[in-house]
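K.L.:
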């Protein structure tokens, strides 16, 4: 699209992440004209593949889909993006509560009772989660009670052994990317319910949210989607102001572009949506909600070796540890490429503290942890690359927003309810796999359906 | 100042609240030229006096100063604004934990042990608060521990009787304007320490933060201050973008005005400061901090009667109750005016719930509570007026920002540290009476001193 000062469309969409582009495609399919305004110089939002060596893409952002992510499987199929299964063969390596490095079979043998105890707590979470309506968590029969405590406080009250408490913290922070002491227990239950059951979320092996990857990298999805609607996307136009009335919207961008339309879909993280100026201003309830939706802190660090030597030793590349900066890792080798690639996750507190160190210090600490688990071969990677999301101006944190105590019950209805001609997308507003790519598609489709129905009416 | 497209100054100041104007005055006194950019059509920010009848001003915003607010006393003196003491004669009326309406002497007789117990807890808070450095709460010896729990959880753990627990919640919410379950215990201790002791904060009678009022209304302070620097204030110019480099700043406003200067002081609530676009973008740490500083919810409701009939019955106009929408009230009559004026406070949960009701319903519920305490004369006010702050576009909540668990320890240093040529003011960044007018002056003076020193260097 040429660099023009005004553009007219039926539907203006803020953000060319997955959610916004899915909405644009649906709008287009309904015979309406969308225009997608993207602040960044690229599409994809929280999806970001970087080719660190020829033929070796690593995922600095969203990476996997799971077996129940039917929208994403359909989308990949439609876009011609092939998938392959996450490598899972071998044992996980543990080092928790001072027990030292233990292979999976040793760990299970030593902590069998504690793991059974944790399993009972997870089943209890699953049962409680079924009482939370995903489209209105504040209507759960025990919403007031569950929203008045943190997930951490609930875990603390279960009388778990140290290893079980540590393990459930690591698994939960692996999803929320903030310590459980910062998140409402109701929000944890909501998150579980949007995904099905805890085993989907926390699964280390079969099933779960991380079973499948995309050939060529996850960015193939947004890139191919963007190619289909290329005439309707404008890059490098940060939105500053949305003027809205029943008659339509004028969306003003830095640089002077004004996009006019009949409706607008704001398809960015709600905390960023709260930074846009609205005229007339939005209600205090909506505004105070967006003051209470902080993004998590997540950092992915990749070590590339000449071969996946840990496989030879019977390891699957996953570690679970409370020692080093990373609490978890994954084997992220690429089929057809000989390199060994280990991804280490820094989430929540670890991303905050180690993410602020000089890269060399962070890398050294992570390397030491890999050496402890996988031996001296881990000491000499060919390449190291990491990336933190809060520094990225148009994202400002990952994986998603987290609601603290009282936010769902006091402000929840304002999260996705349209305000006049303004609609809200982004995975943070999804009711199915919220925070995941599947949720981005869910929310984009829902917002588009709202707009299409309104404009047809 | 004429409506122009560009203005040049030494120091650009964002926000004509008390903090920004104090900074502007200090900058001017140092021989430098300030320009203050105010989004609203008035100065004063969270100070807002409204004359509801001729000669009868009510304070929809900041109202009182306390005996230790030396900067505010000096400022009032300098500006020629007279002060008068808050009316305190008579008894407070209580209705807590189902005890029914009790006069102060009855309440103290019945709950003497519980009040002594509460007193012990407050003394303990005072002791702990002394360990919190007000300019670096994260350096408190027990910062990690205190920042990992909420103020509410700490109160819950003290084994308080129901009446003591209820009373301390009401007093604390009266300051924080959010439930204690949402606020870090470290933040509560910081707040206490910036004010001295809990008796300063919570005092119902002598001393404390609410001893003194301003003749003509609190707005006399910002209005007279604005008159002194009128040539340097531009109204109705919401700031959208701050371009900054070591060489200076260009501050871009909605409507097209660009203010250029050598330094900028952002003198608005940190959550609103986070909504401005910065180029180059600020660090992830600063950004994630501003995602975690929600404003409280506060609403003041005024009932104006033909006379202060409660005084005749020996009441001081203060009620403390867990029954009606308001947890507390005050006699806010004006000397020289015959009307009786009662102010009822809705804070935190009460502001959220009742603030969203139609005014008639809220007024009816508040009236019923006044009648229970002060009899049938309370049923027929001449006038009722209320105001909630989250709906106000350029404030978005009161009285100030509150830090949840982990925010001080993970992000605290970013609250007021300058970033290049950008400096931060507003009472939320103060280290003395933060959240009060006194803190606004403290922060404005501190930011101005930073800038003056930098420009002299």
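Protein chains in written order, with my numbering: chain H, 1 to 457; chain V, 1001 to 1457.
Just so you know, even glycine gets a beta-carbon here, dropped at the ideal spot from N, CA and C.
Name the DSSP bridge partner or partners of residue 50(H)?
P.N.:
Paired residue(s): 58(H).
K.L.:
For the alpha helix (DSSP H) containing residue 1288(V), list its first residue and its last residue.
P.N.:
First-last of the alpha helix (DSSP H) with residue 1288(V): 1284 to 1290.
K.L.:
Tell me, please, which residues DSSP counts as bridged to residue 155(H).
P.N.:
The partner list for residue 155(H) (beta bridge, DSSP) is empty, contrary to what the question assumes.
K.L.:
Cβ closer than 9 Å: which chain H residues qualify as neighbours of residue 1056(V)?
P.N.:
Near residue 1056(V) there are no residues of chain H at all, since even the closest Cβ is about 27 Å away, more than 9 Å.
K.L.:
Going by DSSP, name the residue or residues bridged to residue 341(H).
P.N.:
Its beta-bridge partners are 304(H).
K.L.:
Measure how close the beta-carbons of residue 1178(V) and residue 1297(V) come, nearest whole angstrom, since I'm counting them as under 8 Å.
P.N.:
So it is a contact: roughly 7 Å between Cβ atoms.
K.L.:
How is residue 1419(V) classed by DSSP in three states: helix, strand or coil?
P.N.:
If DSSP states are grouped into helix, strand and coil, residue 1419(V) belongs with the strands.
K.L.:
Answer with buried or exposed for residue 1006(V), where buried requires no fewer than 16 other C-beta atoms within 10 angstroms of its C-beta.
P.N.:
Exposed: under 16 other Cβ atoms inside 10 Å.
K.L.:
What residue range is occupied by the uninterrupted beta strand (DSSP E) comprising residue 162(H)?
P.N.:
Here residue 162(H) belongs to no beta strand (DSSP E); instead the alpha helix (DSSP H) covers 162 to 176.
K.L.:
Beta-carbon separation of residue 1189(V) and residue 1183(V) under 7 Å?
P.N.:
Cβ atoms of residue 1189(V) and residue 1183(V): not closer than 7 Å.
K.L.:
Taking the alpha helix (DSSP H) that residue 1259(V) falls in, what are its first and last residues?
P.N.:
Counting along the chain, residue 1259(V) falls outside any alpha helix (DSSP H), though it belongs to the beta strand (DSSP E) covering 1258 to 1261.
K.L.:
For residue 384(H), list the residues DSSP reports as bridge partners.
P.N.:
DSSP output for residue 384(H) lists 303(H) as bridge partner(s).
K.L.:
Applying the 10 Å Cβ sphere with the 16-neighbour rule, what's the burial state of residue 1442(V)?
P.N.:
Buried.
K.L.:
Can you check DSSP and say which residues form a bridge with residue 1244(V)?
P.N.:
Residue 1244(V) is bridged to 1249(V).
K.L.:
Which runs of the alpha helix (DSSP H) at least 4 residues long sit entirely within the segment 123 to 156 of chain H? Give them in chain order.
P.N.:
Here the runs fully enclosed are 143 to 147, 151 to 156.
K.L.:
Mind checking whether residue 1198(V) and residue 1067(V) have CB atoms under 7 Å apart?
P.N.:
Not a contact, by the Cβ cut-off of 7 Å.
K.L.:
Of all Cβ atoms in chain H, is any one closer than 7 Å to the Cβ of residue 1002(V)?
P.N.:
In this prediction, residue 1002(V) scores a pLDDT of 41, lower than 50, which makes its location untrustworthy; the coordinate-derived value is nonetheless stated afterwards. With 7 Å as the cut-off, residue 1002(V) does not count as an interface residue toward chain H.
K.L.:
Since residue 1147(V) and residue 1408(V) should fall inside the 8 Å C-beta cutoff, what is the C-beta to C-beta distance between them, to a whole number of angstroms?
P.N.:
With 8 Å as the limit, residue 1147(V) and residue 1408(V) qualify as a contact, their Cβ atoms being about 5 Å apart.
K.L.:
Using the Cβ count rule (16 or more neighbours within 10 Å means buried), how would you classify residue 105(H)?
P.N.:
Exposed.
K.L.:
Roughly how many whole angstroms lie between the Cα atoms of residue 1141(V) and residue 1359(V)?
P.N.:
The alpha-carbon atoms of residue 1141(V) and residue 1359(V) are separated by roughly 47 Å.
K.L.:
When you compare the CB of residue 457(H) with every CB in chain V, is at least one pair closer than 7 Å?
P.N.:
So no, residue 457(H) is outside the interface.
K.L.:
Using a Cβ-Cβ distance cut-off of 7 Å, determine whether residue 427(H) contacts chain V.
P.N.:
Chain V, which has no Cβ nearer than 7 Å to the Cβ of residue 427(H), makes this no.
K.L.:
Which of the three DSSP states is assigned to residue 1346(V) in this structure?
P.N.:
Three-state result, residue 1346(V): strand.
K.L.:
So what's residue 1462(V) in DSSP terms, helix, strand or just coil?
P.N.:
Examination of residue 1462(V) is not possible in this model, given that chain V is present from 1001 through 1457 alone.
K.L.:
Check the Cβ of residue 1179(V) against every Cβ in chain H and list those closer than 7 Å, keeping chain order.
P.N.:
Ordered by position in chain H, the residues that pass the 7 Å Cβ test against residue 1179(V) are 406.
K.L.:
So with CB distances below 9 Å, who are the chain V contacts of residue 86(H)?
P.N.:
Within chain V, no residue comes near residue 86(H); the closest Cβ sits about 29 Å away, beyond 9 Å.
K.L.:
Could you name the residues of chain H that residue 1285(V) contacts, counting a contact when the two beta carbons are closer than 7 Å?
P.N.:
Those within 7 Å of residue 1285(V) in chain H are 356.
K.L.:
Show which residues of chain V have a CB atom less than 9 Å away from the CB atom of residue 75(H).
P.N.:
The premise fails here: residue 75(H) is roughly 30 Å from chain V at the closest Cβ pair, so nothing lies under 9 Å.
K.L.:
Determine the burial state of residue 1397(V): buried for a count of at least 16 other Cβ atoms within 10 Å of its Cβ, exposed for fewer.
P.N.:
So residue 1397(V) counts as buried.
K.L.:
Beta-carbon of residue 391(H) versus every beta-carbon of chain V: anything under 7 Å?
P.N.:
So yes, residue 391(H) belongs to the interface.
K.L.:
Check each residue of the segment 1261 to 1272 of chain V: if its Cβ is closer than 9 Å to any Cβ of chain H, include it; give the result in chain order.
P.N.:
Within the segment 1261 to 1272 of chain V, the qualifying residues are 1271.
K.L.:
Do we get a CB-CB distance below 7 Å when we pair residue 291(H) with the residues of chain V?
P.N.:
Yes, because at least one Cβ of chain V sits closer than 7 Å to the Cβ of residue 291(H).
K.L.:
Looking only at C-alpha atoms, which of 1030(V), 1038(V), 1059(V) sits nearest to residue 1240(V)?
P.N.:
Cα-wise, what sits closest to residue 1240(V) is 1038(V).
K.L.:
Measure the Cβ-Cβ separation of residue 251(H) and residue 242(H) and say whether it is below 7 Å.
P.N.:
Against a cut-off of 7 Å, the Cβ pair of residue 242(H) and residue 251(H) comes out as a contact.
K.L.:
Can you tell which of 186(H), 126(H), 79(H) has the C-alpha that lies nearest to the C-alpha of residue 403(H)?
P.N.:
If we check each option's Cα against that of residue 403(H), 186(H) comes out closest.
K.L.:
What residues of chain H sit near residue 1297(V), judged by a beta carbon separation below 9 Å?
P.N.:
Here the neighbours are 284, 288, 410.
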